[in-house]
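Engineer: First residue of the sequence shown? That's 4 in this note's numbering, and the numbers climb one at a time after it. Please read through the structure below; I'll follow up with questions.
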Amino acid sequence: MNHISKVGIVVLFSLLMSATTINAQKKVLDHTVYDGWKSLTSTSISHDGRIATSLISPQEGDTTLLIRNTVSNQEILIDRVNRYSLSPDGKYTVGIVKAPFAERRQARIDKKKAEDAPKDSLVIVNNATFEIEKIANVKSLRTPREIAKHIAYTIEHPKDTTKKSSIKHKDILVVRNLQSGHEDSIRNVQLSLFNRYGNSFAATIEPDKKDSTDTRRVIFYDLTSSTIKDISNDSLDYKSLSFDEAGKQLVYIATGDTSKIEQKEYDVRYYKQGADSASIIATSNVKGMPEGWIFTDNASPTFSKSGNRIIIGSAPKQAPKDTTIVDFEMSKLDIWSWHDPIASPQQLAELKRELSRTYTGVISPASPNTYNLLASKEMPSCNIANEGDGRYALLYSNIPYLLETQWDLSPKYDVWVYDFETDRTIEVAKTLKGRPSLSPNGDYLTWWNAEEKNWYSYSNIKGNTTNITENIGVNFWDEKNDVPSLPGSHGMA
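Rendered as structure tokens:
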């Protein structure tokens, strides 16, 4: 054996021994290792990029909040934070600190009641100094979409240890100024809401029926001037608070119907900052409402981006339920025909959604007591361009083609466009082979035709349809489609 061969054997033997040693040192991958793997979730960054935050989440156990100053490279870790909000200016981080995972787990094993379970805390972090303040026994946290100065949290109402009162108290809601630390406590809050930028706050007050010291009402809290005003004092059931972005306007629905019927009739109430109180801007008898239609508890009014329109749903009034027969004595029968567009099990699964369906309409705060119903049973789907402020609204329906979907999965729609300026509904197409979308400003509709493998557009201004991809010379369909159906597109930017 020559010298080179001997050296090669020695090297090979050394490598084999090293590989054996390395393999012996490797950790076996089992479930205990998987449970230790962590991931970053709910990552946020301030507008100036100075503060970055994220939750460090294990496979099982408590999450940890990481706050890092990207300029100074300083960071802080706060254990057991499961959700948080970072103010856009990066000044504050607020979050809920859960009780330790082991304690929460044991409480569930012991089947403890909610009031006896381990309590959460609120944590407030000054990101400039990393100074931390914690508030114990906090049940929930509400923040504006873009935190400026204020947050709201709830704590339990102190228990009556004397047991002299039978009043069931709701949690106490606390509105806190993050800069000054000033707090206002509000009792008997049912619903509460900040506007987007956190300069206004609203809440519905609903005390216990036995509580003679408080009444049902709606309050408007101007956080800029620190003034609170009752804007509705009628003893009604209030729902669906909604602000415009600026926090100057508020809309909600109300009913005085205290019966146990499933579908109650609501009116629409509107408040503009500076007014003495809210006013009723629409009832079910409003001009433009079809006969037999009402505003229900699913109306869910919202403002367009500018606040010039209130977008709100309405629905046909349902026949009242026969209460003379108790449920367990009432026979139930499901009848299905092959003519039905939807199979019986799917009908039953979607029954609740269908009973709560509403159809989109518009009320202008500048022209109260007038309702412009856009959608209908024939045109149930509605999208308004330009975040609710656009000239055009897209209306479409797949109802005529539901029966075909039992054997043909290709989408088909009837499509219309409503023009707010001319108050006309224009038919765009019948049996359109693709689900339409409205461009942001509303000038165009677009859809993907899977049969032709092309994108189409329709000009709402000119009224013409164009194949916009046929002459480009590249594939817009998903070449990796591996299911027995027509390929989808690569998507839209």
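Backbone N, C-alpha and C fix where the C-beta goes; we use that ideal spot for every residue, glycine too. Nothing here was measured: the structure is a model prediction, and the numbers come from that model.
Tell me whether the beta-carbon of residue 157 lies closer than 7 Å to the beta-carbon of residue 174.
Structural biologist: Working through the sequence shown from its first residue, we reach residue 157 at position 154. Working through the sequence shown from its first residue, we reach residue 174 at position 171. In this structure, residue 174 lies closer than 7 Å to residue 157 by Cβ.
Engineer: Within 10 angstroms of its Cβ, does residue 123 collect 16 or more other Cβ (buried), or is it exposed?
Structural biologist: Position 120 of the sequence shown, counted from the start, is the residue given in the question as residue 123. Under this definition residue 123 is a buried residue.
Engineer: For residue 107 and residue 101, which I take to be in contact (beta-carbon distance under 8 Å), what is that distance rounded to the nearest angstrom?
Structural biologist: The residue given as residue 107 occupies position 104 in the sequence shown. The residue given as residue 101 occupies position 98 in the sequence shown. So it is a contact: roughly 7 Å between Cβ atoms.
Engineer: With a CB to CB cut of under 6 Å and the five nearest residues on each side skipped, what residues in its chain are close to residue 187?
Structural biologist: Along the sequence shown, read from residue 1 onward, the residue named residue 187 stands at position 184. Correct list, in chain order: 178.
Engineer: Give the single residue among 316, 308, 391, 409 whose Cα lies nearest to the Cα of residue 342.
Structural biologist: Counted from its first residue, the sequence shown places residue 342 at position 339. Comparing Cα-Cα distances from residue 342 to each of 316, 308, 391, 409, the minimum goes to 409.
Engineer: I believe residue 383 touches residue 313 by the beta-carbon criterion, under 8 Å. Please report the beta-carbon distance rounded to the nearest angstrom.
Structural biologist: Residue numbering aside, residue 383 sits at position 380 when the sequence shown is read from its first letter. Residue numbering aside, residue 313 sits at position 310 when the sequence shown is read from its first letter. Incorrect: roughly 20 Å between the Cβ atoms, too far for contact.
Engineer: What does the alpha-carbon distance come out to for the pair residue 503 and residue 159?
Structural biologist: Residue 503 cannot be examined here, being either before or after the span of the chain that is shown, 4 to 496.
Engineer: CB-CB under 6 Å to residue 242, same chain, minus the five flanking residues each way: which ones, in chain order?
Structural biologist: Locating residue 242 in the sequence shown gives position 239, where the first residue counts as 1. The answer, listed in chain order, is 256, 300.
Engineer: Going by other Cβ atoms of all chains shown within 10 Å of its Cβ, with 16 needed for buried, is residue 298 buried or exposed?
Structural biologist: Along the sequence shown, read from residue 1 onward, the residue named residue 298 stands at position 295. Buried is the call here.
Engineer: Label residue 118 either buried or exposed according to how many other C-beta atoms from any shown protein chain fall within 10 Å of its C-beta, with 16 as the threshold for buried.
Structural biologist: Within the sequence shown, the letter at position 115 stands for residue 118. The residue is exposed, with fewer than 16 neighbouring Cβ atoms inside 10 Å.
Engineer: Hey, could you find the ends of the alpha helix (DSSP H) residue 35 is sitting in?
Structural biologist: Your numbering for residue 35 matches position 32 in the sequence shown. Element bounds for residue 35: 34 to 37.
Engineer: When we look at the beta-carbon of residue 4 and count the other beta-carbons within 10 Å, is it buried (16 or more) or exposed?
Structural biologist: Counting from one through the sequence shown, the residue named residue 4 turns up at place 1. Only weak support exists for where residue 4 lies, its pLDDT of 49 falling under 50; the value from the coordinates is given anyway. Under this definition residue 4 is an exposed residue.
Engineer: Give the single residue among 429, 441, 347, 351 whose Cα lies nearest to the Cα of residue 391.
Structural biologist: Residue mapping note: residue 391 aligns to position 388 of the sequence shown, counting from 1. That would be 441, whose Cα lies nearest to the Cα of residue 391.
Engineer: Suppose you measure from the CA of residue 152 to the CA of residue 128; what does that come to, to the nearest Å?
Structural biologist: As a working note, residue 152 is residue 149 in the sequence shown. As a working note, residue 128 is residue 125 in the sequence shown. Spanning the two alpha carbons is a distance of roughly 13 Å.
Engineer: Going by Cα to Cα distance, which pick from 495, 479, 130 is closest to residue 489?
Structural biologist: Within the sequence shown, residue 489 is the residue found at index 486, counting from 1. For the residues 495, 479, 130, the minimum Cα distance to residue 489 belongs to 479.
Engineer: Less than 6 Å between C-beta atoms, sequence neighbours within five positions excluded: which residues of the same chain meet that for residue 477?
Structural biologist: Taking the sequence shown and counting its residues from 1, one reaches residue 477 at position 474. Correct list: empty, nothing qualifies.
Engineer: Quick check on residue 349: buried or exposed, where buried means 16 or more other Cβ atoms within 10 Å of its Cβ?
Structural biologist: Counting from 1 along the sequence shown, the entry for residue 349 is found at position 346. Residue 349 comes out exposed.
Engineer: By Cβ distance below 6 Å, which residues in the same chain neighbour residue 253 in space, the five residues on each side in sequence not counted?
Structural biologist: Residue numbering aside, residue 253 sits at position 250 when the sequence shown is read from its first letter. Answer for residue 253: 205, 246, 274, listed in chain order.
Engineer: Please tell me whether residue 58 and residue 44 are closer than 7 Å, where the distance is taken between their beta carbons.
Structural biologist: Translated into the one-based positions of the sequence shown, residue 58 becomes position 55. Translated into the one-based positions of the sequence shown, residue 44 becomes position 41. Yes, these two residues count as a Cβ contact at 7 Å.
Engineer: Here's the rule: buried if 16 or more other CB atoms are within 10 angstroms of the residue's CB, otherwise exposed. What is residue 493?
Structural biologist: Start at 1 with the first residue of the sequence shown, and residue 493 comes out as number 490. The residue is exposed, with fewer than 16 neighbouring Cβ atoms inside 10 Å.
Engineer: Tell me where the alpha helix (DSSP H) around residue 348 begins and ends.
Structural biologist: The residue given as residue 348 occupies position 345 in the sequence shown. Residue 348 -> alpha helix (DSSP H) spans 347 to 352.
Engineer: If we cut at 7 Å on Cβ distances, does residue 130 have a partner in chain B?
Structural biologist: The structure shown has no chain B; it contains just one protein chain.
Engineer: Between the beta-carbon of residue 344 and the beta-carbon of residue 412, is there less than 7 Å?
Structural biologist: As a first step, residue 344 must be located in the sequence shown, where it is residue number 341. As a first step, residue 412 must be located in the sequence shown, where it is residue number 409. No, the pair does not count as a contact, with Cβ atoms beyond the cut-off.
Engineer: Between the Cα of residue 150 and those of 295, 197, 463, spot the shortest distance and give me the residue it belongs to.
Structural biologist: Numbered from its first residue, the sequence shown carries residue 150 at position 147. Out of 295, 197, 463, 197 has the C-alpha closest to the C-alpha of residue 150.
Engineer: Quick one, are the C-beta atoms of residue 373 and residue 291 less than 7 Å apart?
Structural biologist: Position 370 of the sequence shown, counted from the first residue, corresponds to residue 373. Position 288 of the sequence shown, counted from the first residue, corresponds to residue 291. Yes, Cβ-Cβ distance for residue 373 and residue 291 is below 7 Å.
Engineer: Give a yes or no on whether the C-beta atoms belonging to residue 396 and residue 361 are separated by under 7 Å.
Structural biologist: Residue 396 sits at position 393 when you count from the first residue of the sequence shown. Residue 361 sits at position 358 when you count from the first residue of the sequence shown. The answer is no: Cβ separation not under 7 Å.
Engineer: Answer yes or no: do residue 444 and residue 375 have a C-beta to C-beta separation smaller than 7 Å?
Structural biologist: One-based indexing of the sequence shown puts residue 444 at position 441. One-based indexing of the sequence shown puts residue 375 at position 372. Contact: no.
Engineer: Which same chain residues end up closer than 6 Å to residue 321 when comparing Cβ atoms and leaving out the 5 residues on each side of it in sequence?
Structural biologist: Residue 321 sits at position 318 when you count from the first residue of the sequence shown. Only 266 meet the Cβ criterion.
Engineer: Can you tell me where the alpha helix (DSSP H) with residue 136 in it begins and where it stops?
Structural biologist: In the sequence shown, counting from the first residue as 1, residue 136 sits at position 133. Run containing residue 136: none in the alpha helix (DSSP H); it sits in the beta strand (DSSP E), 134 to 139.
Engineer: From the DSSP output, in three-state form, read off residue 4 for me.
Structural biologist: Along the sequence shown, one-based indexing puts residue 4 at 1. Note on residue 4: pLDDT 49, under 50, position unreliable in the model; the coordinate value appears next. Residue state, collapsed to three classes: coil.
Engineer: Please tell me whether residue 497 and residue 191 are closer than 7 Å, where the distance is taken between their beta carbons.
Structural biologist: Here the chain has residues from 4 to 496 only, and residue 497 is not among them.
Engineer: Leaving out five residues on either side along the sequence, give the residues of the same chain with a beta carbon under 6 Å from the beta carbon of residue 460.
Structural biologist: Reading the sequence shown from its first residue, position 457 is the one you call residue 460. So the qualifying residues of the chain are 447, 449, 469, 471.
Engineer: Which residue's Cα is closest to the Cα of residue 311: 359, 366, 357, 378?
Structural biologist: What you label residue 311 is simply residue 308 of the sequence shown in a count that begins at 1. With distances taken between Cα atoms, residue 311 lies closest to 366.
Engineer: I'd like the list of long-range same chain contacts for residue 309, defined as Cβ closer than 6 Å, with 5 residues on each side in sequence excluded.
Structural biologist: Numbered from its first residue, the sequence shown carries residue 309 at position 306. Same-chain partners within the cutoff: 392.
Engineer: Candidates 64, 324, 303: which alpha carbon is nearest residue 316's?
Structural biologist: Position 313 of the sequence shown, counted from the start, is the residue given in the question as residue 316. Comparing Cα positions, the closest option is 303.
Engineer: If I'm right that residue 221 touches residue 238 with Cβ under 8 Å, what's the distance once you round it to whole angstroms?
Structural biologist: The count along the sequence shown starts at 1 and reaches residue 221 at position 218. The count along the sequence shown starts at 1 and reaches residue 238 at position 235. About 12 Å separates the two Cβ atoms, so there is no contact after all.
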